[in-house]
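Everything below concerns the one structure shown next.
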Ligand SMILES: Cc1ncc(COP(=O)(O)O)c(C=O)c1O
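Residue numbers (my numbering): -2 to 381.
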């Protein structure tokens, strides 16, 4: 691979040279825990034990690093395992971090219920308002600014370049959870972020058949420290999960193009629908982050959230009435999903500053025939 190769080429080839012994065109599943040494310490290719490194995981890590234009990626058992490893590595008890006012509920729970007990303090900030972030950075020493963009589930947009500048001036790291956009739509490291977080469970895997996570890091020194923590604590991606994720990654670009096209049509239809009070989709010119999204994203993604005029019970009813949109948590697979964030993915933030409105519905728009998806939503909303 060369640096000039395009995204689609890297997705199919980076880290995936044909096997030197057999010529297998896809990296095999190295379902193995340990490796024969040629004399004590005589490792073949650096492999000694699969928690430390495994060739299938290496292939995935090299591919993810290429797609995010970072020197190194690390693959984990889940997105949460990746976040945990990152925070243990870059923070210490007594530190202070800034967390977004809209984010995946599990991420907020990690700060509020796990790391708070470890002595890591957090303040909630609206990361789409850089001035508010700067104000917090000026008020005290901050170790990490954590951002999602687009955010889960309100689809807010943060200006990555401006946040990176603000964080770096204050001596903080900028971490961007790039799960909703995927590296095909947005590359935070190129915009100045220090670390990219992924739940590879979502668009990277793409088929709702594997849970995984990843970190991609700009500075090789930090990557070394993260690799140390990953090996020391052990939340690694297994060989079969790595293989499944890598298989998904090969079609990421083609899938994302279709997700984005379908999502835009869904958002436009909902914006005209009489039962809908508000559509949250960064691709709509009315979205407050539209211009920033246009500047930092290739397209606007496959996630659409919307609110119903008739309130929470109507939203819950509509979630149970779809035929093609499957009622379920998660996102980013080829099939469309619908969910009620307040009672499902974001139930853990009830009563916190991240609480989401009860009349909100979140869609992960899949790659089915879009006319079928539009019909399905119209019938589900017909008496809302
Ligand atoms: C934006 C975002 N980040 C992180 C995670 C956590 O990832 P995982 O479920 O793979 O642990 C999720 C899960 O939904 C997510 O939506």
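We put the beta carbon where it would ideally sit given N, CA and C, even for glycine. Being a predicted model, the structure only gives us computed values, none of them experimental.
State the Cα-Cα distance for the pair residue i and residue j, rounded to the nearest angstrom.
i	j	result
residue 340	residue 193	28 Å
residue 49	residue 181	29 Å
residue 185	residue 36	44 Å
residue 16	residue 44	16 Å
residue 222	residue 279	36 Å
residue 228	residue 72	11 Å
residue 22	residue 13	8 Å
residue 244	residue 202	7 Å
residue 77	residue 24	26 Å
residue 161	residue 131	11 Å
residue 252	residue 18	32 Å
residue 20	residue 58	21 Å
residue 330	residue 281	23 Å
residue 305	residue 55	45 Å
residue 126	residue 30	47 Å
residue 210	residue 354	28 Å
residue 292	residue 34	51 Å
residue 343	residue 326	10 Å
residue 255	residue 171	30 Å
residue 257	residue 295	10 Å
residue 230	residue 32	21 Å
residue 324	residue 64	31 Å
residue 386	residue 122	The question about residue 386 has no answer here: the residues shown for the chain are numbered -2 through 381.
residue 177	residue 147	6 Å
residue 95	residue 137	11 Å
residue 46	residue 317	47 Å
residue 104	residue 116	17 Å
Which stretch, first to last residue, makes up the alpha helix (DSSP H) that contains residue i?
i	result
residue 245	236 to 246
residue 22	Segment: none, residue 22 is in no alpha helix (DSSP H) and carries neither H nor E.
residue 167	Here residue 167 belongs to no alpha helix (DSSP H), and DSSP marks it neither H nor E.
residue 127	127 to 136
residue 313	309 to 316
residue 5	4 to 10
residue 292	287 to 293
residue 180	179 to 182
Let's test the definition: count the other Cβ atoms within 10 Å of the Cβ of residue i and tell me whether it reaches 16, buried, or not, exposed.
i	result
residue 140	buried
residue 80	buried
residue 347	exposed
residue 384	Any answer about residue 384 is impossible in this case: the structure gives the chain only from -2 up to 381.
residue 112	buried
residue 89	exposed
residue 67	buried
residue 97	buried
residue 238	buried
residue 28	exposed
residue 69	buried
residue 368	exposed
residue 110	exposed
residue 283	exposed
residue 236	buried
residue 225	exposed
residue 336	buried
residue 40	exposed
residue 99	buried
residue 169	buried
Where DSSP assigns a beta bridge to residue i, which residues make up the other side?
i	result
residue 323	334
residue 73	210 and 233
residue 358	303
residue 120	95
residue 41	44
residue 31	46
In the DSSP assignment, the beta strand (DSSP E) including residue i goes from what residue to what residue?
i	result
residue 271	Taken as a continuous stretch (DSSP letters only), residue 271 belongs to no beta strand (DSSP E), as it is neither H nor E.
residue 210	210 to 214
residue 100	First-last for residue 100: undefined, no H or E at that position.
residue 170	170 to 174
residue 303	300 to 305
residue 281	That residue, residue 281, is in no beta strand (DSSP E); it is neither H nor E in DSSP.
residue 196	192 to 196
residue 50	Taken as a continuous stretch (DSSP letters only), residue 50 belongs to no beta strand (DSSP E), as it is neither H nor E.
residue 377	Careful: residue 377 lies outside any beta strand (DSSP E), inside the alpha helix (DSSP H) at 367 to 377.
residue 145	141 to 145
Rounded to the nearest angstrom, how far is the Cβ of residue i from that of residue j, given a contact under 8 Å?
i	j	result
residue 144	residue 173	5 Å
residue 150	residue 357	7 Å
residue 301	residue 267	7 Å
residue 299	residue 250	Incorrect: roughly 13 Å between the Cβ atoms, too far for contact.
residue 157	residue 190	6 Å
residue 213	residue 61	6 Å
residue 263	residue 360	7 Å
residue 332	residue 303	Between residue 303 and residue 332 the Cβ distance is about 19 Å, and since that is not below 8 Å, they are no contact.
residue 8	residue 247	6 Å
Measure from the C-beta of residue i to each C-beta in chain D and report whether the shortest distance is under 9 Å.
i	result
residue 97	Of the protein chains in the structure, only one exists, and it is not chain D.
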